Ligand code: SF4
Ligand code: SF4
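Residue numbers (the working numbering): 4 to 435.
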């Protein structure tokens, strides 16, 4: 029998080893949010693995149905946590998306968003800042409020009207414009840590960055925020643009490794997950493979880092109910779930309430809530049903996308709850 020609090409093929690891047991199906929405095998991890395998073996073309299933997936990686065979599903779907991009099979809308916004704006700091400035003026000038109320916009462009409600608020001052490259703690430093200011967080979550820096300084860290650093490449890699992700990774490797650091502390789950995988993305690069592994070994989420060094005891009790939502790229990609819970439970006075289905995706998933808005909102509804039941005053999540998405869910459902990053809560606890 003649072997069929694979519809995948180039060096970034979905790994055959990973594809053949799947034993089709189906244990991943109950944890998959898209399978829960449709009940269809093709929208499940096992079904998608079969689809990818069929394209790899040349028995299925890269059809519209195939592309739709690859984009319907949240890349939340809950299936990886559930899988007894250790199938690294995330790298399969990301490689399949990379193939779709290379073959020019994206829709015009997806090309515009992914390849203009992610490739040419998010990954270029000066262009991102310029775009953010324009968006900031639009948000603060009253024009946004006017358009939000506009019945015409709601009728003519309902999707656009909904999307602008989900876009993050642009900060008046960008984080890397406020802080110097090196910040010293008040006493003798015990640790020297690097900090990623990133892309969207730098312009829209400056306060979370400030909270993180304050908490690190309080824990005797000298904080290095390299001026030459760039976007980590996570949004690009997770959406299948390996080429630009590798370029960004190499730049960050050169920049961060030029400092002697004990750790590189992250406050965004998606960025941390990707930086921990730099070695995987650059494994075939003779110049960067070893350096990428060396950098990846230093990357730690803020919860991991504080758990390892020991959280300082706050002066006062914090008498509030607090719950915790697991960001997918923290719990499933990085396997970090004990540390944030342990830190929260160790704060005197806190009444910790566990969130049911805490590790079920909230539907944010990078740019998923923009490109698959309806699906994202259906997934958010399930998350909100559990969030409301906690009755907590604070819900903690260590990822900007989750914070925005759950805050949006609270506003939509009239739920009064503080949706905060762990660093923000700690800054309040320590009164910094
Ligand atoms: S749990 Fe793992 S081995 Fe079982 S079907 Fe899912 S991916 Fe395949
Ligand atoms: S990554 Fe998430 S959405 Fe995609 S198949 Fe796995 S569990 Fe389902």
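For every residue, glycine included, the Cβ atom is placed at its ideal position computed from N, Cα and C.
Remember, predicted model here, so these are calculated numbers, not experimental data.
**Message:** In whole angstroms, give me the CA-to-CA distance for residue 45 and residue 93.
**Reply:** Within the chain shown, the letter at position 42 stands for residue 45. Within the chain shown, the letter at position 90 stands for residue 93. So the alpha carbons of these two residues sit roughly 16 Å apart.
**Request:** Rounded to whole angstroms, what's the CA-CA distance from residue 181 to residue 429? Just pull it up for me.
**Result:** Mapped onto the chain shown, residue 181 falls at position 178. Mapped onto the chain shown, residue 429 falls at position 426. Spanning the two alpha carbons is a distance of roughly 21 Å.
**Item:** Beta-carbon contacts of residue 336 that lie in its chain and below 6 Å, excluding the five residues immediately before and after
**Value:** Position 333 of the chain shown, counted from the start, is the residue given in the question as residue 336. Around residue 336: 80, 276.
**Request:** Could you round the C-beta distance between residue 256 and residue 298 to whole angstroms and report it? I think they count as a contact, below 8 Å.
**Result:** Here residue 256 corresponds to residue number 253 of the chain shown, with the count starting at 1. Here residue 298 corresponds to residue number 295 of the chain shown, with the count starting at 1. Contact holds; Cβ gap of about 5 Å.
**Item:** DSSP-derived helix/strand/coil call for residue 58
**Value:** Within the chain shown, numbered from 1, the residue matching residue 58 stands at position 55. If DSSP states are grouped into helix, strand and coil, residue 58 belongs with the helices.
**Message:** Could you check if residue 93 belongs to the surroundings of ligand 1, using beta carbon to heavy atom distance under 7 Å?
**Reply:** Taking the first residue of the chain shown as 1, we reach residue 93 at position 90. Not so, every heavy atom of ligand 1 lies at least 7 Å from the Cβ.
**Message:** My output table needs one value for residue 198: the three-state DSSP class, helix, strand or coil.
**Reply:** Counting from one through the chain shown, the residue named residue 198 turns up at place 195. Residue 198: strand per DSSP, three-state reduction.
**Asked** Distance, Cα to Cα, residue 66 vs residue 355?
**Response** Taking the first residue of the chain shown as position 1, residue 66 is located at position 63. Taking the first residue of the chain shown as position 1, residue 355 is located at position 352. If you take the alpha carbons of residue 66 and residue 355, they lie about 48 Å apart.
**Host beta strand (DSSP E) of residue 398 (start-end)** = Here residue 398 refers to the residue found at position 395 of the chain shown. It spans 397 to 399 - the beta strand (DSSP E) in which residue 398 sits, taken as one unbroken run.
**Asked** What are the start and end residues of the alpha helix (DSSP H) that includes residue 64?
**Response** The sequence position of residue 64 within the chain shown is 61, counting from 1. Run containing residue 64: none; DSSP gives neither H nor E here.
**Prompt:** What residue does the beta strand (DSSP E) around residue 224 start on, and which one ends it?
**Reply:** In the chain shown, the residue the question calls residue 224 occupies position 221. Looking at the DSSP string, the run of the beta strand (DSSP E) that includes residue 224 is 224 to 227.
**Request:** Could I get the ranges of all uninterrupted alpha helix (DSSP H) runs contained in the segment 346 to 428, with 4 residues as the minimum, in chain order?
**Result:** 371 to 374, 376 to 393, 403 to 415
**Pairwise C-alpha distance: residue 434 and residue 53** = Counting from 1 along the chain shown, the entry for residue 53 is found at position 50. Counting from 1 along the chain shown, the entry for residue 434 is found at position 431. Residue 53 and residue 434: Cα-Cα distance of roughly 53 Å.
**Asked** According to the neighbour-count rule (16 or more other Cβ atoms, all chains shown, within 10 Å of its Cβ), is residue 85 buried or exposed?
**Response** For this step, residue 85 is matched to residue 82 along the chain shown. When all chains shown are included, residue 85 counts as buried.
**Asked** Tell me which same chain residues have a C-beta within less than 8 Å of the C-beta of residue 4, skipping the five on either side of it?
**Response** Within the chain shown, the letter at position 1 stands for residue 4. In this prediction, residue 4 scores a pLDDT of 46, lower than 50, which makes its location untrustworthy; the coordinate-derived value is nonetheless stated afterwards. Nothing meets the Cβ criterion.
**Request:** Consider the C-beta atom of residue 85 and the heavy atoms of ligand 1; say whether any pair is separated by less than 7 Å.
**Result:** As a position in the chain shown, residue 85 is number 82, starting the count at 1. Answer for residue 85: yes, Cβ within range of ligand 1.
**Prompt:** Based on the DSSP secondary-structure assignment, which residues constitute the bridge partners of residue 266?
**Reply:** Against the chain shown, residue 266 aligns to sequence position 263. Partner(s): 196.
**Request:** Indicate whether the contact test is met: 3 or more Cβ pairs, each with one atom in the segment 114 to 122 and one in the segment 234 to 253, closer than 8 Å.
**Result:** yes
**Asked** Three or more C-beta pairs closer than 8 Å, one from the segment 88 to 106 and one from the segment 171 to 180: is that the case here?
**Response** no
**Proximity test, residue 335 beta-carbon vs ligand 1 heavy atom, cut-off 7 Å** = In the chain shown, counting from the first residue as 1, residue 335 sits at position 332. Flag unset: Cβ of residue 335 not near ligand 1.
**ligand 1 heavy atom lying under 7 Å from the CB of residue 30** = Position 27 of the chain shown, counted from the start, is the residue given in the question as residue 30. The answer is yes for residue 30.
**Prompt:** Would a C-beta distance cut-off of 8 Å place residue 226 and residue 216 closer than the cut-off?
**Reply:** Residue mapping note: residue 226 aligns to position 223 of the chain shown, counting from 1. Residue mapping note: residue 216 aligns to position 213 of the chain shown, counting from 1. A contact, by the Cβ cut-off of 8 Å.
**Request:** Indicate the three-state DSSP secondary structure (helix, strand or coil) for residue 326 in the structure shown.
**Result:** Within the chain shown, the letter at position 323 stands for residue 326. The answer is strand: DSSP assigns residue 326 an E or B state.
**Request:** Return the first residue and the last residue of the alpha helix (DSSP H) that residue 217 is part of.
**Result:** Position 214 of the chain shown holds residue 217. It spans 209 to 221 - the alpha helix (DSSP H) in which residue 217 sits, taken as one unbroken run.
**Cβ-heavy atom distance, residue 48 to ligand 1, below 7 Å** = As a working note, residue 48 is residue 45 in the chain shown. Because some heavy atom of ligand 1 lies under 7 Å away, the Cβ of residue 48 counts as near it: yes.
**Prompt:** Do you know offhand how far residue 432's Cα is from residue 224's?
**Reply:** On the chain shown, residue 432 is found 429 positions in, with the first residue counted as 1. On the chain shown, residue 224 is found 221 positions in, with the first residue counted as 1. So the two alpha carbons sit approximately 18 Å from each other.
**Prompt:** Within the present structure, is the beta-carbon of residue 20 separated from the nearest heavy atom of ligand 2 by less than 7 Å?
**Reply:** As a working note, residue 20 is residue 17 in the chain shown. No, ligand 2 has no heavy atom inside 7 Å of this Cβ.
**Message:** Quick check on residue 304: does DSSP put it in helix, strand or coil?
**Reply:** Within the chain shown, residue 304 is the residue found at index 301, counting from 1. Strand.
**Request:** With a 10 Å radius around its C-beta and 16 neighbouring C-beta atoms as the bar for buried, classify residue 19 as buried or exposed.
**Result:** Your numbering for residue 19 matches position 16 in the chain shown. Residue 19 is exposed by the Cβ-count criterion.
**Prompt:** Assuming residue 426 contacts residue 205 under a Cβ cut-off of 8 Å, what Cβ separation, rounded to an integer in Å, is found between them?
**Reply:** In the chain shown, residue 426 corresponds to position 423, counting from 1. In the chain shown, residue 205 corresponds to position 202, counting from 1. With 8 Å as the limit, residue 426 and residue 205 do not qualify as a contact, their Cβ atoms being about 15 Å apart.
**Asked** For residue 199, which option in 340, 11, 168, 301 has the closest C-alpha, if you only look at C-alpha atoms?
**Response** Translated into the one-based positions of the chain shown, residue 199 becomes position 196. Cα-wise, what sits closest to residue 199 is 301.
**Request:** Compare the beta carbon distance of residue 228 and residue 268 with 8 Å and say whether it is the shorter of the two.
**Result:** In the chain shown, counting from the first residue as 1, residue 228 sits at position 225. In the chain shown, counting from the first residue as 1, residue 268 sits at position 265. Contact flag unset, no.
**Item:** For residue 185: DSSP bridge partner residues
**Value:** In the chain shown, the residue the question calls residue 185 occupies position 182. 227.
**Asked** Does DSSP classify residue 314 as helix, strand or coil?
**Response** Mapped onto the chain shown, residue 314 falls at position 311. Of the three classes helix, strand and coil, the one that applies to residue 314 here is coil, per DSSP.
**Item:** Unbroken alpha helix (DSSP H) run spanning residue 100, endpoints
**Value:** Your numbering for residue 100 matches position 97 in the chain shown. First-last of the alpha helix (DSSP H) with residue 100: 92 to 105.
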